[in-house]
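What follows is a set of notes on a single structure, which appears directly below.
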Amino acid sequence: INNLDVDVAIIGAGPSGAIAASLLHQQGKKVLVLEKQYFPRFSIGESLLPCCMQFIKQAGMLDAVEQAGFQFKDGAAFRYQDQYTTFNFTDKFTAGPGTTFQVQRGQFDKLLADTAAQQGVSIHYGHTVTQVDLNAEPVLHVTDDNGCAYQVNAKFILDASGFGRVLPRLLNLEKPSNLPSRSAIFTHIEDNIDDPTFDRNKILISVHPQHKDIWYWLIPFSNNRCSIGVVGEPHLLQHLEGTLEQQLFAIVNEESGLKRLLANAKIVQECATLKGYSANVSTLATNKFALLGNAGEFLDPVFSSGVTIAMQSAAMAVESLLKQLEGETVDWQQDYAEPLMKGVNTFRTYVQAWYDGRFQDVIFYQQGNPKIKQMICSILAGYAWDADNPFVAESERRLNTIVALCRETAA
Ligand code: FAD
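Under UniProt numbering, residues 9 to 419 are what the sequence shown spells out, in order.
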């Protein structure tokens, strides 16, 4: 393969890469996406947030996503012992879509990438980025599946490599996450749920009855299957014995609600585990590259924010990049990293408050003010960048005020 010259080289064809590629292509930029795997490929992260539908629409992919037959999603449900509560995402403070989908990521990511390709984006599958050179104009070193190496010269690089974290590794940008290391065990099941009150339109987050920092996701799909997973600090999962499958179902059965719901469930995919997935970086962008989605910071799966952050970062980076490609000076810290981190930090506030129990007290408090619930609902629906929402603008202080109120009245 000959060396190639493009405007923008994108590492990875997951949601952040596909959306960024489409948005740049729409503006007449020459884009090349390098993807080391072949699609469809499995990825975890199956429950979307309504906010991300805006970026899917902007990228001209809404029809394709709506027609694909994915499971409709309109909110999130939470269970702790005998308490059950729901957030309806259409009843929220911020304007914008209030519904979305629960998706098998293999199919979903392929659909986005194929739609980008139909729009005219070039994607090289089975091509792995192995090195980067930023001394002059950026150069990526790529090896294809036949072992042939070539170079891509680009004006700019977008790293959308997810947990591959290509540029953080190659450029020594890795920084430890400020969140404790947690593990997840997960699989897909044929759920055989016959409880008529079970709401397939919502992700169900269940809290472990004894350890409030262990939680489970149950994400229904449209084909009578669900994604099921458990998350906790490794020492809390240490007592589990046997195969991953035995471990997962032993802990699922510790939560009586899930045990009942999944009494007839059958595993249809090999169980998998991920450990220590939270990650951070020292630099999100310079005038030669920007990190998107998980290639930058990854917090935690509890609020299903991963794909939304991935797409939000793609849209924000493209906006700054288009200016730079037109000759304007862009301050990547001020124009990209800081505004992106505003929303990420809002999620961080809620993630931390979930694990230390503060936010769980708010979620399960039944007499809350409906206006405040709408503001919190906006964040859970992904609108964590809406500075008009007081719970975004001052996330920690506002949340703590509500926590104190709920605890006082519940006492
Ligand atoms: P990815 O989707 O990971 O895509 C990256 C692509 O880059 C891959 O296809 C990979 O093959 C490619 N790549 C990697 N290295 C190279 C290389 N060297 N050269 C070329 N290509 C390369 N998010 C949600 O929104 N909802 C959820 O319910 C949810 N649940 C989660 C549960 C768990 C346990 C975890 C750990 C995460 C969860 N997430 C969830 C997060 C979600 O998985 C990610 O945030 C999301 O997939 C990020 O998308 P992305 O585009 O950044 O990267």
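Note that beta-carbon positions come from the ideal geometry of N, C-alpha and C, so glycine has one too.
Report the rounded CA-to-CA distance for residue 378 versus residue 41, giving the unit in angstroms.
For the purposes of this step, residue 378 is taken as the residue at position 370 of the sequence shown. For the purposes of this step, residue 41 is taken as the residue at position 33 of the sequence shown. Cα-Cα distance, rounded: 45 Å.
Is it the case that the CB of residue 305 approaches a heavy atom of the ligand FAD more closely than 7 Å?
Residue 305 sits at position 297 when you count from the first residue of the sequence shown. The answer is no for residue 305.
Heavy atom of the ligand FAD less than 7 Å from the Cβ of residue 302, yes or no?
If you number the sequence shown from 1, residue 302 lands on position 294. Yes, the ligand FAD has a heavy atom inside 7 Å of this Cβ.
Own chain partners of residue 21 with C-beta closer than 6 Å, once the 5 adjacent residues on each side are dropped
Counting from 1 along the sequence shown, the entry for residue 21 is found at position 13. Counting only Cβ-Cβ distances below 6 Å, and skipping sequence neighbours, we find 41, 43, 121, 131.
Pair every Cβ in the stretch 31-39 with every Cβ in the stretch 262-275, then say whether three or more of these pairs are closer than 8 Å.
no
For the beta strand (DSSP E) holding residue 363, just list the boundary residues, first then last.
Indexing the sequence shown from 1 puts residue 363 at position 355. Here residue 363 belongs to no beta strand (DSSP E); instead the alpha helix (DSSP H) covers 346-363.
Beta bridge counterpart(s) of residue 87 as assigned by DSSP
In the sequence shown, counting from the first residue as 1, residue 87 sits at position 79. Residue 87 pairs with 92, 214.
Neighbourhood of residue 365 by C-beta distance below 6 Å, restricted to the same chain and skipping five residues each side
Locating residue 365 in the sequence shown gives position 357, where the first residue counts as 1. Cβ within range, chain order: 220.
Within 10 angstroms of its Cβ, does residue 46 collect 16 or more other Cβ (buried), or is it exposed?
Here residue 46 is taken as the residue at index 38 of the sequence shown, counted from 1. Under this definition residue 46 is an exposed residue.
Contact under 8 Å by Cβ, residue 192 with residue 119:
Walking along the sequence shown from the start, residue 192 turns up at place 184. Walking along the sequence shown from the start, residue 119 turns up at place 111. No. Outside cutoff.
Using 8 Å as the threshold, is the C-beta distance between residue 98 and residue 106 below it?
Position 90 of the sequence shown, counting from 1, holds the residue named residue 98. Position 98 of the sequence shown, counting from 1, holds the residue named residue 106. Yes, the pair counts as a contact, with Cβ atoms nearer than the cut-off.
Report back the beta-carbon spacing between residue 29 and residue 129 to the nearest angstrom; my notes put them in contact at under 8 Å.
Walking along the sequence shown from the start, residue 29 turns up at place 21. Walking along the sequence shown from the start, residue 129 turns up at place 121. Between residue 129 and residue 29 the Cβ distance is about 4 Å, and since that is below 8 Å, they are a contact.
Tell me the rounded alpha-carbon separation between residue 204 and residue 231.
As a position in the sequence shown, residue 204 is number 196, starting the count at 1. As a position in the sequence shown, residue 231 is number 223, starting the count at 1. Taking the straight line from one Cα to the other gives about 17 Å.
So residue 287 and residue 257 are in contact, right, with Cβ under 8 Å, and what is the actual spacing, rounded?
By 1-based counting over the sequence shown, the position of residue 287 is 279. By 1-based counting over the sequence shown, the position of residue 257 is 249. At roughly 29 Å, the Cβ-Cβ gap does not stay under 8 Å, so residue 287 and residue 257 are not in contact.
Ends of the beta strand (DSSP E) at residue 80?
In the sequence shown, counting from the first residue as 1, residue 80 sits at position 72. Its beta strand (DSSP E) spans residues 79-81.
Going by the DSSP bridge assignment, what does residue 462 pair with across the sheet?
As displayed, the chain neither begins before 9 nor continues past 419, which places residue 462 out of reach and without an answer.
At 4 residues or longer, what runs of the alpha helix (DSSP H) sit wholly inside the stretch 115-173?
none
Is the stretch 231-240 touching the stretch 198-214, taking contact as three or more C-beta pairs under 8 Å?
yes
Report the residue from 141, 137, 398 whose alpha carbon sits nearest the alpha carbon of residue 151.
As a working mapping, residue 151 is identified with position 143 in the sequence shown. Checked all of 141, 137, 398; the closest Cα to residue 151 is 137.
Closer than 7 Å: residue 45 CB and nearest the ligand FAD heavy atom
The residue labelled residue 45 in the question sits at position 37 within the sequence shown. Residue 45 Cβ: within cutoff of the ligand FAD.
In terms of residues, what are the limits of the alpha helix (DSSP H) holding residue 409?
On the sequence shown, position 401 is the one that residue 409 refers to. Residue 409 -> alpha helix (DSSP H) spans 403-418.
Pull up the DSSP beta-bridge partners for residue 235, would you.
Position 227 of the sequence shown holds residue 235. Residue 235 pairs with 196, 227.
Under the criterion of a Cβ to heavy atom distance below 7 Å, does residue 224 qualify as lining the ligand FAD?
Sequence index remark: in the sequence shown, residue 224 carries index 216 (1-based). Checking the Cβ of residue 224 against the ligand FAD gives no.
Could you tell me whether any non-hydrogen atom of the ligand FAD is closer than 7 Å to the CB of residue 42?
Locating residue 42 in the sequence shown gives position 34, counting from the first residue. Under cutoff, so the answer is yes.
By how many angstroms is the C-alpha of residue 83 removed from the C-alpha of residue 187?
The residue you call residue 187 lines up with position 179 of the sequence shown. The residue you call residue 83 lines up with position 75 of the sequence shown. If I take the Cα positions, the gap works out to 26 Å.
Check whether the stretch 213-228 and the stretch 318-330 are in contact - that is, three or more C-beta pairs closer than 8 Å.
no
Along the beta strand (DSSP E) that carries residue 298, what are the first and last residues, could you check?
Translated into the one-based positions of the sequence shown, residue 298 becomes position 290. Residue 298 -> beta strand (DSSP E) spans 297-299.
Given the structure, does residue 155 come close to the ligand FAD, in the sense that its CB is under 7 Å from one of the ligand's heavy atoms?
By one-based count along the sequence shown, residue 155 stands at place 147. No - the ligand FAD has no heavy atom lying nearer than 7 Å to the Cβ of residue 155.
Regarding residue 315 and the ligand FAD, is the C-beta to nearest heavy atom distance less than 7 Å?
For the purposes of this step, residue 315 is identified with residue 307 of the sequence shown, where counting begins at 1. Yes.
Where DSSP assigns a beta bridge to residue 110, which residues make up the other side?
Against the sequence shown, residue 110 aligns to sequence position 102. DSSP, once it has assigned bridges, lists 55, 79 as partnering residue 110.
Considering just the uninterrupted stretch of the alpha helix (DSSP H) at residue 32, what are its terminal residues?
On the sequence shown, residue 32 is found 24 positions in, with the first residue counted as 1. Per DSSP, residue 32 belongs to the alpha helix (DSSP H) from 23-34.
As assigned by DSSP and simplified to three states, the class of residue 74
Counting from 1 along the sequence shown, the entry for residue 74 is found at position 66. Of the three classes helix, strand and coil, the one that applies to residue 74 here is helix, per DSSP.
Would you check if the stretch 234-244 and the stretch 206-224 touch, i.e. whether three or more CB-CB distances between them fall below 8 Å?
yes
Is any heavy atom of the ligand FAD found at a distance shorter than 7 Å from the C-beta of residue 285?
Numbered from its first residue, the sequence shown carries residue 285 at position 277. Yes, since a heavy atom of the ligand FAD falls inside the 7 Å radius drawn around the Cβ of residue 285.
Just how far apart, CA to CA, sit residue 183 and residue 348?
One-based indexing of the sequence shown puts residue 183 at position 175. One-based indexing of the sequence shown puts residue 348 at position 340. Those two C-alpha atoms are separated by around 18 Å.
At a cut-off of 7 Å, would you count residue 130 as near the ligand FAD, judging by its Cβ distance to the nearest heavy atom?
Residue numbering aside, residue 130 sits at position 122 when the sequence shown is read from its first letter. Not under cutoff, so the answer is no.
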